[in-house]
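With numbering that gives the first Met the number 0 applied, the sequence shown covers 0 to 52.
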Amino acid sequence: MIFTVQHETLYRYSVPVGLAQHVLRLEPRPGDCRLVARELLIEPLPTVRSSET
0 MIFTVQHETL YRYSVPVGLA QHVLRLEPRP GDCRLVAREL LIEPLPTVRS SET
């Protein structure tokens, strides 16, 4: 069985935001599921980005 999951998070601020930290986890738990493909699109591009695996 193959699932396609799409998620959108949208923030709207009344003034430009200079710094905001967010944690996003959208992968299956370890086990019987297998991740076939993934894509992360961020707009506008952040000035700093880190990834933990």
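Every residue gets a Cβ at the ideal spot worked out from N, C-alpha and C, and that includes glycine.
The structure presented is a predicted model; accordingly, all values stated were derived computationally and were not measured.
Subject >> Proximity to threonine 8 [Cα-Cα], best of Leu18, Phe2 and Leu25 >> reply: As a first step, residue 8 must be located in the sequence shown, where it is residue number 9. That would be Leu25, whose Cα lies nearest to the Cα of threonine 8.
Original post:
In angstroms, rounded to a whole number, what distance separates the CA positions of glutamate 38 and arginine 28?
Top reply: By 1-based counting over the sequence shown, the position of residue 38 is 39. By 1-based counting over the sequence shown, the position of residue 28 is 29. Cα to Cα, the separation comes out at about 17 Å.
Original post:
Going straight from the alpha carbon of threonine 3 to that of leucine 34, what length do you get?
Top reply: For the purposes of this step, residue 3 is taken as the residue at position 4 of the sequence shown. For the purposes of this step, residue 34 is taken as the residue at position 35 of the sequence shown. Cα-Cα distance, rounded: 10 Å.
Subject >> Reference isoleucine 1, options Cys32, Ser50 and Arg48, closest by Cα >> reply: The residue given as residue 1 occupies position 2 in the sequence shown. Here the closest residue by C-alpha is Cys32.
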